[in-house]
Amino acid sequence: MNHPSLVSILLALAALYTYEVTSLAVPRPPTLKSRSLLPPYSLPQDDLLDLTRGADIATKQLGYLYGPPVAGGPFFPTGALGLARVLADQAEIQLDEAPVLAAIAVDTTDSTVSAPEYNGLQTLDDYTLLYDGHWKATLPSGPVPGMETNYTQDLLFSMERLSFSPYQVRRLNPSSDTLQFSVDDDTATNLTGMTLQQLFEDGRLFYADYRDQKDLTPTDRFSAACDAFFYIDQTSGDFLPLAIRTNVGSSLIYTPNDDPSDWLLAKIMYNVNDFWFAQWKHLASTHEVVQITYLAAIRTLSDNHPVLALLNRIMYEVYAIQPLAETLLFLPGAAVDQVFAYTGTSAQDYTTNLYANGGSGRFQANYFEAELESRGLINSNFGPALKNFPFYEDASTIYNAIHAFMTSFVNSYYSSDSDITADNEMQAWVKESQGPAEAIDFPSITTRSALIDALTHMAHLASTSHHTVNTNELLSASSTLPFHPPSLYQPPPSSKGFTNVVEFLPPLDKVEAQFSVAAIFVRPFFVGTNRTLMHMFDDPATLSRMNSATQAAATTFYNSMQAFSEQVAARTFDQNGLSQGMPFVWQALDPNVAPFSITS
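In mature numbering (1 follows the signal peptide of the UniProt record, and there is no 0), the protein residues as written are -25 to -1, 1 to 575.
Dropping the structure here:
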């Protein structure tokens, strides 16, 4: 079946969005001037004379209902108020998307007109020409420095697992894990100075597994279903790749000892699987987790509750994403069908399975440090520590600043743990999340620290966790070519010795489709504005009703993020050609670039 081009779909989507904005838009909150006349936010036990709180909650429980999932995952808002909220969020995101869609049209047209400059994409170097003066409207600064010049380096490949795609690899525990495939002793020793078993027993061996992609419904393109070993080198301390197994056809095992073209193809095949996992994992573990817990909060917390006010800020546009994913990504003939190796239906089902059964939907288990510890990436009690972990280095700085803000916020409204249990709206949120909302692993909040951790996690999922693998990073790093195609254009080889890697890469029309899909989620026009992460808490309308301690904490957060932004923006290569131990410069979590909310 012939499907319309992705560009035509985007243009139709833009036209549809314009229609929706004019005909279905719901008024947004009143202006700061009128809002400032409203009373300060308060807890229910401090607002006993306000009879409107109960009526407010009752109205929302009638108007915000749990509807069927949209684009998979948990319940999605329905009911009169729920649908109005979804439409309002869609109207807002349409305004954000308008300049992006226009930029995509400009870049795609330029790319097509400039086709002769790419020499027919006959060599790997030809693919780097795609960025030479092109795709400037959607990617003004171009790919991240080093990505187009150093992609053949093993250190670049392995450190991608510790920066913009950090959610799969795990350290193998010799007391509880088993080796899923073997690497002969001579090869392992030649590469690492140790056998595979010695690496395993020494806590130096790491594993990533994409075998669950083997039986997905394919498109007319191809993919392997790789699993791979990585290791910490005993001499340099570097985190490096050891072996990649394809798990399809002849199930070849590749190592750095192979011919360079074979090994490069193996890394590209791994990246195809990693691209698939990272995008649907992020949808399940960020968007779908926060949307259901937030819906439970809306139904149980009064609009005068400071916690709901804070969530309203962090969850900006949250209910626009699932309809966008359903329409643009998952429908037959839409983006996934056009650029990935598996169908849009498979993507939706894969996401839902990750959410419901794969651990991505679990709330407490995925707290920032707890999740990294569970995979042996930090604070491991066996094996050497990672010498460099850029994702953790950057995300922990932001996470700690968010946690500090939440600590001031919570402690300023709740003087003791008993105030938490006395807050009947807070306890209703917990009961609702654990009950009708069916949120997975939502905590019992009986202490101030438990509330601080839960709110910090919500903010982390909506910002640092999300923007690591999506938003601007998607176009500038994890979908850059020639190293990161979302599918193969030839079946994985049944034997080694295939030297023309280009045969497996996309032709120009599919390149443009790939870049256009990634560009939908970029937000280059937010840079330096009040939509960035450093402005997460300094919304004047919200702060005008918060207490002075929260206002001061918002200022502290802003100042700390401004300082961190200056540090990230100044990054460059050191004398060894590295940045944070990587042969590329990673700046995805710059607080003056990344958005403050889960906007894409």
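Even glycine gets a Cβ: it sits at the ideal position worked out from N, Cα and C.
Look at the Cβ atom of residue 582, then the Cβ atom of Phe139, and state whether they are nearer than 8 Å.
Not covered by the structure: residue 582. The range shown for the chain is -25 to 575.
DSSP-derived helix/strand/coil call for Ala253
helix
7 Å Cβ shell around Asn125 - same chain, five flanking residues per side excluded
Leu131, Pro558 and Phe559
Separation of Ala90 from Ala309, as counted between CA atoms
24 Å
Hey, is the stretch 48 to 63 in contact with the stretch 466 to 484, meaning 3+ C-beta pairs nearer than 8 Å?
no
By DSSP's criteria, Pro52 is part of a beta bridge. Which residues make up the other side?
Tyr41
Best match in Gln465, Phe364 and Asp82 for proximity to Ser492 [C-alpha to C-alpha]
The identity of residue 492 in the sequence shown is Val, whereas the question assumes Ser. The candidate whose alpha carbon is nearest that of Val492 is Asp82.
Reducing DSSP to helix, strand and coil, say where Ser554 ends up.
strand
Going by the CB atoms, is the gap between Ile228 and His262 shorter than 8 Å?
no
Is it buried or exposed, Val444, if we count other Cβ atoms within 10 angstroms and call 16 or more buried?
buried
Take every Cβ of the stretch 257 to 274, pair it with every Cβ of the stretch 25 to 43, and state whether three or more of those distances are shorter than 8 Å.
yes
Name the residue from Asp234, Asn287, Asp31 and Asn246 whose alpha carbon lies nearest to the alpha carbon of Leu480.
Asn246
In the DSSP assignment, find the unbroken alpha helix (DSSP H) run with Phe490 in it and report its ends.
Leu483 to Ala494
Ala412, DSSP secondary structure in three states
coil
Within 10 angstroms of its Cβ, does Leu70 collect 16 or more other Cβ (buried), or is it exposed?
exposed
Buried or exposed: Gln537, going by 16 or more other Cβ atoms within 10 Å of its Cβ?
exposed
Report the three-state DSSP secondary structure of Arg145 (helix, strand or coil).
strand
Three-state secondary structure assigned by DSSP to Leu(-2)
Note on Leu(-2): pLDDT 30, under 50, position unreliable in the model; the coordinate value appears next. Helix.
How far does the beta strand (DSSP E) with Tyr206 in it extend, from its first residue to its last?
Asp202 to Ile207
Segment contact, 8 Å Cβ cut-off, at least three pairs: the stretch 236 to 246 with the stretch 163 to 179:
no
Straight-line gap, Glu135 to Pro44 (C-alpha atoms, nearest Å):
32 Å
So within the stretch 152 to 178, which uninterrupted alpha helix (DSSP H) runs reach at least 4 residues, ignoring any that extend past its ends?
160 to 167 and 171 to 176
With C-beta atoms as the reference, is Leu564 less than 8 Å away from His441?
no
Alpha carbon of Thr574 to alpha carbon of Val264, nearest angstrom
15 Å
Under a three-way DSSP split, which group does Leu227 fall into?
coil
What does a CB cutoff of less than 7 Å around Arg146 pick up in its chain, not counting 5 residues either side in sequence?
Gly178, Phe181, Arg350, Gly351, Leu352, Ser355 and Gly358
For the 8 Å Cβ check, are there 3 or more pairs between the stretch 533 to 552 and the stretch 383 to 393?
no
Under a Cβ-count criterion, where at least 16 other Cβ atoms within 10 Å of its own Cβ denotes burial, should Val88 be classed as buried or exposed?
exposed
With a threshold of 6 Å on Cβ separation, who are the neighbours of Arg3 within its own chain once the five nearest residues in sequence on each side are excluded?
Here Arg3 scores only 34 on pLDDT, less than 50, and its place in the model is too uncertain to base an answer on.
Leaving out five residues on either side along the sequence, give the residues of the same chain with a beta carbon under 7 Å from the beta carbon of Arg28.
Pro19, Asp22, Ser277 and Asn279
Rounded to a whole number of angstroms, what is the C-alpha to C-alpha distance between Val385 and Arg423?
7 Å
Using the Cβ count rule (16 or more neighbours within 10 Å means buried), how would you classify Thr(-4)?
The predicted model places Thr(-4) with a pLDDT of 30, which falls under 50 and marks its position as unreliable; any figure quoted below should be read in that light. It is exposed - the Cβ of Thr(-4) has fewer than 16 other Cβ atoms within 10 Å.
Short of 8 Å in beta carbon distance, which residues of its chain neighbour Gln526, apart from the five on each side in sequence? Order them along the chain.
Leu518
Report all residues from its chain with a CB closer than 7 Å to the CB of Ala524; omit the five preceding and five following residues, and keep chain order.
Ser383 and Ser387
Please name the residue, chosen from Val144, Gly121, Asn399 and Tyr16, that lies closest to Asn551 on a Cα-to-Cα basis.
Gly121
Paired residues, beta bridge with Tyr182 - DSSP:
Arg145 and Phe204
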